[in-house]
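Asker: My questions all concern the structure below.
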Amino acid sequence: AIYLLPEQSWGIQVWRTDLPNELKDQLYAAYDSMYEEISQAIQRTIDRYGYFIVYDIHSYNMRRGGPQTSVNNAADPQINIGTQHNHEKWRML
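According to my numbering, the residues represented by the sequence shown are -18 to 74, in order.
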């Protein structure tokens, strides 16, 4: 739910300082709550329609070899699904 150490995030130092335990607890609680809401929404859909389709789409760090790794666009193409917050240049796609 939260990257705390560089080895959890492809060697990237995500936080300047350690997160306070109180903040981590709040983030974990929000994470758990979100998944509970998702679970309930899925169950409501199954109850109504008899099934639910899951699209297993992942995002990943294109610099998983480390923060200084160059980007290989041929091997790791950039695909944007949502367009609401994309730069105007890409909205037509």
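Note that CB positions come from ideal geometry on N, CA and C, so glycine has one too.
Measure the alpha-carbon distance for TRP(-4) versus LEU(-15) and round it to whole angstroms.
Answerer: Approximately 7 Å between the Cα atoms of the pair.
Asker: Three Cβ pairs or more, each shorter than 8 Å: is that satisfied between the segment 43 to 61 and the segment 1 to 20?
Answerer: No, the segment 43 to 61 does not touch the segment 1 to 20.
Asker: Assuming the contact rule is C-beta atoms closer than 8 Å, TYR12 and ALA(-18) should be a hit. Round their C-beta distance to whole Å, please.
Answerer: Confirmed, Cβ separation roughly 4 Å.
Asker: Looking only at its chain, what residues have a beta carbon closer than 6 Å to the beta carbon of PHE33, apart from the 5 residues adjacent to it on each side?
Answerer: Excluding positions up to five away in sequence, the list reads ILE23, THR26, ILE27.
Asker: Use the C-beta contact count for ALA55: other C-beta atoms within 10 angstroms, 16 or more gives buried, fewer gives exposed.
Answerer: Exposed is the call here.
Asker: Can you tell me whether LEU8 is helix, strand or coil according to DSSP?
Answerer: DSSP places LEU8 in helix when its eight states are reduced to three.
Asker: So, using beta-carbon positions, are ILE(-7) and PRO(-13) closer together than 8 Å?
Answerer: Yes, Cβ-Cβ distance for ILE(-7) and PRO(-13) is below 8 Å.
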